[in-house]
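Using my numbering, the first residue of the sequence shown is number -2, and each one after it goes up by one.
All C-beta atoms, glycine included, are put in the ideal place defined by N, C-alpha and C.
Every value quoted in this text rests on a predicted model; they were computed, and no experiment measured them.
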Amino acid sequence: MLRLLFLPICFVLLGCGNVKINGALQTSSISGQISTVQLTSANDMNGVSQITVVIFLNNNNFTTVNFCGNVVNQMPVGNFVTVSFTQNQGCATLTFVAIETH
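Set out below in structure tokens:
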């Protein structure tokens, strides 16, 4: 009986828009000036995949993030950018990009 009520309750709660379901994927974010962007490829179980290597500079510290796929057009070199992403095995999936304009 309890299992029969679970699905309708989920639909009602999700319809409210205020319910957050946490899963295994955690979102990370980073901000910094884009120093370098390079499109490369890597072999995986599905063949060859594109990876975009992005180097961020923030407070004289460099951080490298390998994004899944081609996101070169979303990473303008020299601009200050804030990105959110989920880390997968081997690369990160981009979920949000904000480019600071002067």
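Query, Result
"Which word fits Thr61, buried or exposed, when buried means at least 16 other C-beta atoms lie within 10 angstroms of its C-beta?", "exposed"
"Along the chain, where does the beta strand (DSSP E) that runs through Cys88 open and close?", "Unbroken run through Cys88: none, as it is neither H nor E."
"Work out the CA separation of Asn56 and Asn67 for me, nearest whole Å.", "27 Å"
"Please report the straight-line C-alpha distance between Val34 and Val50, rounded to a whole angstrom.", "6 Å"
"Counting only the same chain and skipping the five closest in sequence on each side, list residues whose C-beta sits under 8 Å from that of Val78.", "Ser28, Gly29, Gln30, Ile31, Phe53, Met72, Val94, Ala95, Ile96 and Glu97"
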